[in-house]
Amino acid sequence: MQVPFRLPSLGADMESATLTQWLKQPGESIRRGEPIATVETTKGLIDIESYEDGVLTELVSLPGAKVPVGAVLAHLEVDAAHSASASRAAESGAPPIGAPPASVPAPGSAPAPVVAAQPQRLRLSPAARRRAQQLGLAPETLRQTATPGGVLSLADIEQLDRAQPAHGAAERTAMRQTIGAAMARSKREIPHYYLGHTLDFGPAQAWLAAHNAPLPVGERLLDSLLIIKAVALAAARSEGFNGYFRDGRFEPSAAVHVGAAIALRGGGLLAPALPDAHAKDLPTLMREFSALVMRARAGHLRSGEFTAATITVTNLGADGVDVLYPIINPPQVAIIGVGAIRASPWALEGQLLIRPTLTLGLAADHRVTDGRAGARFLRAIAALLGEPAAL
Amino acid sequence: MDINEIRAGVLGLLSRIAPDVDAERVDPKRPLRDQFDFDSMDALHFATALSEAFHLDIPERDYAQLASLEGAVQFVLSHLPAGGGAG
């Protein structure tokens, strides 16, 4: 049966997106969770994944088209036996999360293009793509500049931007406006409360140093990952911090998908999800975290990663901040801010010691929990970090 | 391998691990953190790439020496396995 492939909502404030590129062509087989198209939003370039196993039969939208959320981008032919639940997911805009990165099977038949006038596929160097995205240069503009078969370089992009200064300046603020709108909504609708908790990071640091010492650089863990895992475990074991507040009530989530706030070099912030962080071992989580940061920076996050997070962790420790009390990312109900690890005076059993300390800041939704529950949640995270071998 | 080859190699690695950075504009002496908002993940990716490309063991305590492009070049130069140096 035919099912529509629609543009999902990738955030409460997203109304539309520009189709940048088709990653699949009619006739190609597609696995659930596999990216089909790249769209450009105010949050950058995002790969949109399929909700279904099937075959791409028809492209409805052309690259360069601005399409509203919910609009049909393409049609897929799927096995009817499996489509009922899957098409419901597509209708509700719920993207798949944690779908394995499917290997692409060779198309069984030769592709039969339905769209005749397929524009030339854009080729940009990664730095050029990133810069074009920052400047908000439209794909049509880039396509007009590109020589057939040529690759646009960073210098080409800079030249293009100089040629149309007003355009670039206006678009550059789009991401800032998106963040502003989401945060204003959060502050308007969510009665935040804020708690701070300073802990001795010594046990975690010592465990990490011993764990990392014999490992090749690429397999070492970061301290920020231990904190993400501890937050995920504590969130799974606590009530009222993991899930969504929607339609006037809290919907807890059994799985913990931790949103990891990632600062972009051009300015702006993304918080894509690390799926099932509570259930994964540290090396697995580290590989996924590493890949997630790389893809966020390169502008290749997947649609599912934008909407899946059930709680967020934001870390400004590397920037020397002692404590931060972040703003909740709706419809989530809690966010943890992580400050710098510092050698500090620390009293323990009547002794004054110098220990590496760290302050966690919690912002949580008063419609769901009270301060005492928040305090317990922070204590649970601190206790987990005190026993790092159990993470 | 001479210092210019090493520098070109390190610059190439920088572009690969941080594709959103314009490597041609790197100030070699300034910390990457100050120039490009490098965070701990970027630093780890950079150390990993250097370690793999130049076959170096880089203990965590030496990460600080990789803070700038020139620091990384000097680190590679002084740690290249014997026989691999002086091109």
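In the order they appear, the protein sequences are chains H and U.
If you use my numbering, the first sequence corresponds to residues 928 to 1318, in order.
If you use my numbering, the second sequence corresponds to residues 443 to 529, in order.
Using N, Cα and C, we set each Cβ at its ideal position, and we do this for glycine too.
query                                                                                                                                                                                 : result
I need the straight-line Cα distance from A1236(H) to L937(H), nearest angstrom please.                                                                                               : 12 Å
Output, in chain order, the set of chain H residues within a Cβ distance shorter than 8 Å of D481(U).                                                                                 : A1190 and A1245
Does the pairing of the stretch 1297 to 1314 of chain H with the stretch 504 to 515 of chain U give three or more beta-carbon distances under 8 Å?                                    : no
Hey, L511(U) and R1147(H) are a contact pair by Cβ (cut 8 Å); roughly how many whole angstroms apart?                                                                                 : Not really, about 22 Å apart at Cβ, beyond 8 Å.
So that I know if they touch, is there some Cβ in chain U lying closer than 8 Å to that of L1149(H)?                                                                                  : yes
State yes or no: is the beta carbon of G529(U) nearer than 8 Å to at least one beta carbon in chain H?                                                                                : Per-residue confidence for G529(U) stands at a pLDDT of 37, beneath the threshold of 50, marking its modelled position as unreliable; no derived number is given.
I need the straight-line Cα distance from R449(U) to L1135(H), nearest angstrom please.                                                                                               : 32 Å
Measuring CB atoms only, is the stretch 1155 to 1165 of chain H touching the stretch 1176 to 1189 of chain H, in the sense that at least three cross pairs come out at less than 8 Å? : yes
Is P461(U) close to chain H, meaning its C-beta is less than 8 Å from at least one C-beta of that chain?                                                                              : yes
For A1016(H), which residues from the same chain have a beta carbon less than 6 Å from its beta carbon, with the 5 sequence-adjacent residues on both sides left out?                 : In this predicted model, A1016(H) has a pLDDT of only 43, less than 50, meaning its place in the structure is not dependable; the value taken from the coordinates is given anyway. For A1016(H), where only same-chain residues beyond five positions count, the Cβ hits under 6 Å are Y978.
Let me confirm a value: S988(H) is counted as buried when at least 16 other C-beta atoms fall within 10 Å, else exposed. Which label applies?                                         : buried
Does the Cβ of E976(H) have 16 or more other Cβ atoms within 10 Å, making it buried, or fewer, making it exposed?                                                                     : buried
Say whether chain H places a C-beta atom closer than 8 Å to the C-beta of H521(U).                                                                                                    : no
Mind pulling the chain U residues with CB within less than 8 Å of H1180(H)?                                                                                                           : Residue identity check: residue 1180(H) is Ser in the sequence provided, not His. Simply none; closest approach about 26 Å.
Suppose you measure from the CA of S1217(H) to the CA of D476(U); what does that come to, to the nearest Å?                                                                           : 21 Å
For the alpha helix (DSSP H) containing I1308(H), name the first residue and the last one.                                                                                            : G1298 to G1313
For a contact meaning CB atoms closer than 7 Å, what does T1129(H) contact in chain U?                                                                                                : One point to set straight first is that residue 1129(H) is Gly, not Thr, in the sequence displayed. Chain U residues near G1129(H): none, gap ~16 Å exceeds 7 Å.
Please identify the residue among T1105(H), F1168(H), G997(H) and G1145(H) whose C-alpha is closest to the C-alpha of E1215(H).                                                       : G1145(H)
If I measure Cβ to Cβ from G513(U) and keep anything under 7 Å in the same chain, skipping five residues before and after, which residues do I get?                                   : Q507
Which residue or residues does DSSP assign as beta-bridge partners of R1173(H)?                                                                                                       : R1176(H)
Can you give me the Cβ contacts of P1034(H) inside the same chain, cut-off strictly under 7 Å, excluding the 5 residues immediately before and after it?                              : Model confidence at P1034(H) stands at a pLDDT of 36, short of 50, so the residue's coordinates are unreliable and nothing is read from them.
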